[in-house]
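Chains A and B, in that order, give the protein sequences.
Going left to right, the first sequence walks through residues 1 to 372 as the numbering used here numbers them.
Going left to right, the second sequence walks through residues 1001 to 1372 as the numbering used here numbers them.
Structure first, commentary second.
There are 2 protein chains.
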Amino acid sequence: MKTETVTVDLDNRSYDIMIGPQLIARAGALIAKRLPHVRAGIVTDSNIGALHLPELEASLKAAGIASTSIIVEAGEQSKNFPTLETVVDHLLAARLERNDIVIAFGGGVVGDLAGFAAGIVRRGMGFVQIPTSLLAQVDSSVGGKTGINTAQGKNLLGVFCQPQLVLADTDILKTLPEREFRAGYAEMVKYGLINQPDFFHWLEKNRTAVFAGGKERIQAIATACRSKAAVVERDERENGERALLNLGHTFGHALETATGYNAARLVHGEGVAIGMVLAYQFSAWLKLCSAQAAGQVEAHLRAAGLPTQLEDIAGSLPDADTLMNSIAQDKKVSNGALTFILTRGIGKAFIARDVPAAQVRAFLMEKLRSPH
Amino acid sequence: MKTETVTVDLDNRSYDIMIGPQLIARAGALIAKRLPHVRAGIVTDSNIGALHLPELEASLKAAGIASTSIIVEAGEQSKNFPTLETVVDHLLAARLERNDIVIAFGGGVVGDLAGFAAGIVRRGMGFVQIPTSLLAQVDSSVGGKTGINTAQGKNLLGVFCQPQLVLADTDILKTLPEREFRAGYAEMVKYGLINQPDFFHWLEKNRTAVFAGGKERIQAIATACRSKAAVVERDERENGERALLNLGHTFGHALETATGYNAARLVHGEGVAIGMVLAYQFSAWLKLCSAQAAGQVEAHLRAAGLPTQLEDIAGSLPDADTLMNSIAQDKKVSNGALTFILTRGIGKAFIARDVPAAQVRAFLMEKLRSPH
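See below:
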C-alpha cells in the first residue's frame, strides 16, 4: 500500500505528515534523512510502550540515532505538572540539545505532554510525532497544540509547538480497540461536516472499507489531515477560523464533564459524536439547517457504531442548568451570549459569535425532557 | 525629562520599549491606550512589591484595568518549577483569558518567571514588562527570552515570549542599590563592545552623568536597548548572530558557578564585567586584538567601580580545570572545540566557532597563576 504525504504549510515551520503502513519500522531512516545527526528522547505511555517501543528503538538504532525512552502512565491523568517535570528532567539529564528531538509515541495524551516538553526544554527542541491512535493521527498530529491540565480545567497550560515530521503508521491501528477507532472516526467525520461535504458523502459510501483498513483508511486519514491543515495554515494561533474545529466540542466537553471524564461512560470522540449531532439539531432548532441534514449526520455516526444521543450515555445526566454552567466555563460568556459552531447544512459550519445562552439552555431542556 | 521610545521590530510581534521618568504612575494609561479592555495579573517580588506595588496597582485601577497581584520571594531561587506552578495557578484562578496580560514588575528573575507563565497559560497570554533594575531594563526587556532553572542548570526551561510593551521607569532606579546599578552598567557597556564603538566612547565620556541619572541615563538605556533590538531583530531565535550577546558570559557564567551563585561574592553583571575583560585579554593573547584595547575595556569598567580581574573576587577560586569543566557544560564542546565570543577590538566582537578548549585552558592557567 502506498504511503500518502500531507504537507502542513506554515512557512519556516512547515512539515510533512506521512500516512501509511510500516512507518514505525521505517521511522529511524525517515527521521535520519530529514534531521541528520539528531539524538532522540522518546516519550510513550505504559500501553504503547509495552507493545511497540522495542520496534521504534530498534528502528532508530539501525539508523544511527541514539535514543532514551521515557514511559509515562497511560491515561489523561498524566497530563499534569508532576509528569511534565519528570519528562523534562529526563530529557535534560540525557543532555539532549536544542537541535535534538523529542518523539511523541502514543495517543493524544502523549502528544500533548511530549509536545509541551519539547516546546519548553532549552526554549524549544526538535519534535517528531508518531501518533498511535486514529484520533491522534487525524487530530492532534496537525496544528501544534500541546498542553497539560490543571485544577482549573483541561489544556489550560501549553504552547504551540509544531512538529518537524509526523509518522502516522496505519498498521499500528490494528492493535487499537474498536471503540477507540470509532471515537477517532467521529473526528474524521467532523472535517466533512465543517467544510468538506464531498468527504462526508465519500465516508457514507466507504465507511466499511475505512473500518476494514486498507487504502481507503489511508485515504480517509490523509483527507482529514489535509482538511485540518488547511484550516490551521490560515489561522495557526486560533484567532478566527480555527475555532471551526470545535464543531461538536462545546456540547461534547460539557458531556465529558458531566460524566466525570469517566472513559467507561464516554470517551472524547464519543462526546464529539453526540456533540456534533446536537450542534446540527440545535442549528435545525434555530432554523439554520434542515432537520434532514441533522438526521443524515446522526444516521451516519450511528451506522459507525457511535453514540449519537444523550440517552446513549449510560447512567444519569445532570440537568440543563448544570450543563449550561459547564458550557459557560468552557467558553467565555459575555453579556449572556457565547461563541458556538453552528451549521447551515452538511459541510457548511460557521462561527456564531453571539448565541444567546438562554437559547442553548432552552434547547438542552427540550433534549433532556423528551429525547426522541 | 523626555521619554524615549525604542521599537523592537519583529513583524506581528513588534513592540515598544518606553524609557523615562514616572512610567509606573503612567502605566495604567499607557497600557489601556494600547491594549483596551485587558485585565492584568501582576507578578512581582517581595522587595519591589513592598516598595512600589501600591503605585502600580493604583495606576492600573485609575485606568480601569482590573488586576490581581502575585508576590514571589525575591531572588534567583524563585525561578523554579513550584513557583512557576504557583504563578500560573493564580493567573488561572483569577480567570484571566488569553487576551488579558501578565505584567512582570521586577528585575530579571521576575521577568523570566512571569514571561514563562504568560507564554504557557492558555498557550500564550498577553505580556507587559515593567523592569525595575538597570540590568533588566537593558537586557531582559529586549528579546523575549524567559525561563526557569532546573537541577541541571540555569534557564534550561522556557519559551520565547515577546512582550507587547515594556515600560522602563528610570525613576525607580533611584531606589536601586549602587552595586546593582553598576552590574547593569556592565551589560550596557557590552553593547558598545560588541558592535557599537561610538557608544563605548560615549560611555567613556558620559559615565559619571549616566550614574548621576538624568537625560544621559535615559539616552544610554535607549541606546543599549536599540542595540540589542537590532541583534534580536536579525536573529530572534538565536540561530546565529544573537550569540554575540554572550560576550563575556562564558567566562562570567563559569565564575558565577565557581562562586556558587553567591551574590555576596559575585552578581551576574560583575561576572560579565570580569568575563568581558577576560574575553578581550584572551583575544589579545590569541593576537586577535591589541593589549591596548583590552586595557581600555578594563580601565573603563574599573572606573565604573566594577570588578575586572579574577583577584577582585573575594575568597579562593577553583583551578583552571574546574573552570574549564564548567565552561564545557555551559557550551557544547564538540571535538575539543567550543564556540566563544572573541573580538578584534572595541566594537568588533565576533563568533568564533572552533576555539580549542586547550587554548582556553592554557589562558586560564596563566591568569590564575600570575594575575597582573
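We put the beta carbon where it would ideally sit given N, CA and C, even for glycine.
Considering only the beta carbon of each residue, do residue i and residue j sit closer than 8 Å?
{"i": "G1143 (chain B)", "j": "K1228 (chain B)", "result": "yes"}
{"i": "L1306 (chain B)", "j": "R1182 (chain B)", "result": "yes"}
{"i": "T1044 (chain B)", "j": "I1071 (chain B)", "result": "yes"}
{"i": "V1102 (chain B)", "j": "M1125 (chain B)", "result": "yes"}
{"i": "V232 (chain A)", "j": "L244 (chain A)", "result": "no"}
{"i": "E1057 (chain B)", "j": "S1046 (chain B)", "result": "no"}
{"i": "S1133 (chain B)", "j": "V1166 (chain B)", "result": "no"}
{"i": "V88 (chain A)", "j": "I120 (chain A)", "result": "yes"}
{"i": "R1207 (chain B)", "j": "A1303 (chain B)", "result": "yes"}
{"i": "T7 (chain A)", "j": "S14 (chain A)", "result": "yes"}
{"i": "L1053 (chain B)", "j": "S1069 (chain B)", "result": "yes"}
{"i": "E1097 (chain B)", "j": "R1122 (chain B)", "result": "yes"}
Nearest to residue i by alpha carbon, out of the options?
{"i": "V375 (chain A)", "options": "A:E4, A:D139, A:I24", "result": "The first residue shown for chain A is 1 and the last is 372, placing residue 375 (chain A) beyond what the model contains."}
{"i": "A362 (chain A)", "options": "A:T322, A:R344, A:Q329", "result": "A:T322"}
{"i": "Q1022 (chain B)", "options": "B:G1295, B:H1300, B:D1169, B:R1226", "result": "B:D1169"}
{"i": "W1202 (chain B)", "options": "B:L1053, B:Q1219, B:M1276, B:A1212", "result": "B:Q1219"}
{"i": "F1211 (chain B)", "options": "B:R1242, B:R1226, B:P1177", "result": "B:P1177"}
{"i": "E238 (chain A)", "options": "B:N1099, B:H1253, B:K1002", "result": "B:N1099"}
{"i": "R1179 (chain B)", "options": "B:V1088, B:L1301, B:E1004, B:Q1359", "result": "B:L1301"}
{"i": "T308 (chain A)", "options": "A:T7, A:L286, A:V88, A:Q281", "result": "A:Q281"}
{"i": "G1064 (chain B)", "options": "B:A1027, B:A1074, B:Q1077", "result": "B:A1027"}
{"i": "L1060 (chain B)", "options": "B:G1275, B:I1024, B:N1155, B:Q1077", "result": "B:I1024"}
{"i": "A1062 (chain B)", "options": "B:E1076, B:A1222, B:S1069, B:A1032", "result": "B:A1032"}
{"i": "M1276 (chain B)", "options": "B:K1079, B:Q1129, B:S1078, B:L1255", "result": "B:L1255"}
{"i": "I221 (chain A)", "options": "A:F251, A:G315, A:D171, A:L96", "result": "A:D171"}
{"i": "G111 (chain A)", "options": "A:Q329, A:G75, A:Q152, A:E55", "result": "A:G75"}
{"i": "Q1152 (chain B)", "options": "A:Q152, A:F116, A:T86", "result": "A:T86"}
{"i": "R1095 (chain B)", "options": "A:G107, A:N12, A:Q329", "result": "A:Q329"}
{"i": "G1260 (chain B)", "options": "B:N1012, B:G1315, B:T1223", "result": "B:G1315"}
Express the C-alpha separation of residue j and residue i in angstroms, rounding to a whole number.
{"i": "I327 (chain A)", "j": "P82 (chain A)", "result": "28 Å"}
{"i": "L1030 (chain B)", "j": "R1217 (chain B)", "result": "22 Å"}
{"i": "I1048 (chain B)", "j": "R1265 (chain B)", "result": "23 Å"}
{"i": "V159 (chain A)", "j": "F340 (chain A)", "result": "24 Å"}
{"i": "A1320 (chain B)", "j": "I1313 (chain B)", "result": "15 Å"}
{"i": "D1090 (chain B)", "j": "F199 (chain A)", "result": "Note that residue 1090 (chain B) is His in the sequence shown here, rather than Asp. Answer to the nearest angstrom: the Cα atoms are 44 Å apart."}
{"i": "I1017 (chain B)", "j": "T1175 (chain B)", "result": "21 Å"}
{"i": "L1283 (chain B)", "j": "P163 (chain A)", "result": "Just to set this straight, residue 1283 (chain B) is Ser in the shown sequence, not Leu. Cα to Cα, the separation comes out at about 40 Å."}
{"i": "E1366 (chain B)", "j": "L1278 (chain B)", "result": "12 Å"}
{"i": "L1288 (chain B)", "j": "L1247 (chain B)", "result": "15 Å"}
{"i": "G147 (chain A)", "j": "G240 (chain A)", "result": "20 Å"}
{"i": "M1001 (chain B)", "j": "G1214 (chain B)", "result": "7 Å"}
{"i": "A104 (chain A)", "j": "L156 (chain A)", "result": "20 Å"}
{"i": "L286 (chain A)", "j": "Y185 (chain A)", "result": "27 Å"}
{"i": "D354 (chain A)", "j": "T150 (chain A)", "result": "28 Å"}
{"i": "G336 (chain A)", "j": "G1269 (chain B)", "result": "53 Å"}
{"i": "H249 (chain A)", "j": "V267 (chain A)", "result": "12 Å"}
{"i": "V297 (chain A)", "j": "T343 (chain A)", "result": "12 Å"}
{"i": "R242 (chain A)", "j": "K1154 (chain B)", "result": "36 Å"}
{"i": "H372 (chain A)", "j": "L364 (chain A)", "result": "Its pLDDT being 49, under 50, H372 (chain A) is placed unreliably in this model, and the coordinates cannot settle the point."}
{"i": "R226 (chain A)", "j": "E55 (chain A)", "result": "28 Å"}
{"i": "K145 (chain A)", "j": "V360 (chain A)", "result": "28 Å"}
{"i": "N1012 (chain B)", "j": "L1368 (chain B)", "result": "49 Å"}
{"i": "E1073 (chain B)", "j": "F1116 (chain B)", "result": "17 Å"}
{"i": "N80 (chain A)", "j": "G107 (chain A)", "result": "16 Å"}
{"i": "A1209 (chain B)", "j": "V128 (chain A)", "result": "54 Å"}
{"i": "Q1137 (chain B)", "j": "R234 (chain A)", "result": "36 Å"}
{"i": "A224 (chain A)", "j": "L173 (chain A)", "result": "16 Å"}
{"i": "T1005 (chain B)", "j": "A1263 (chain B)", "result": "32 Å"}
For the putative contact between residue i and residue j, defined by C-beta atoms under 8 Å, what is the C-beta separation to the nearest angstrom?
{"i": "A293 (chain A)", "j": "G345 (chain A)", "result": "5 Å"}
{"i": "C1161 (chain B)", "j": "A1093 (chain B)", "result": "Actually they are not in contact, since the Cβ atoms of C1161 (chain B) and A1093 (chain B) sit about 21 Å apart, beyond 8 Å."}
{"i": "L35 (chain A)", "j": "E236 (chain A)", "result": "Between E236 (chain A) and L35 (chain A) the Cβ distance is about 22 Å, and since that is not below 8 Å, they are no contact."}
{"i": "A1258 (chain B)", "j": "L1317 (chain B)", "result": "5 Å"}
{"i": "M324 (chain A)", "j": "A291 (chain A)", "result": "Rounded, the Cβ-Cβ distance is 24 Å, inconsistent with contact."}
{"i": "I274 (chain A)", "j": "G252 (chain A)", "result": "7 Å"}
{"i": "S78 (chain A)", "j": "L113 (chain A)", "result": "6 Å"}
Does the beta carbon of residue i come closer than 8 Å to any beta carbon on chain E?
{"i": "L1157 (chain B)", "result": "No chain E is present in this structure, whose protein chains are A and B."}
Query - Sufficient close CB pairs (3 or more, under 8 Å) joining the stretch 1187-1205 of chain B to the stretch 1023-1040 of chain B - result: no
Report task. Indicate whether the contact test is met: 3 or more Cβ pairs, each with one atom in the stretch 195-210 of chain A and one in the stretch 345-352 of chain A, closer than 8 Å. Result -> Contact between the stretch 195-210 of chain A and the stretch 345-352 of chain A is present, because at least three Cβ pairs lie under 8 Å.
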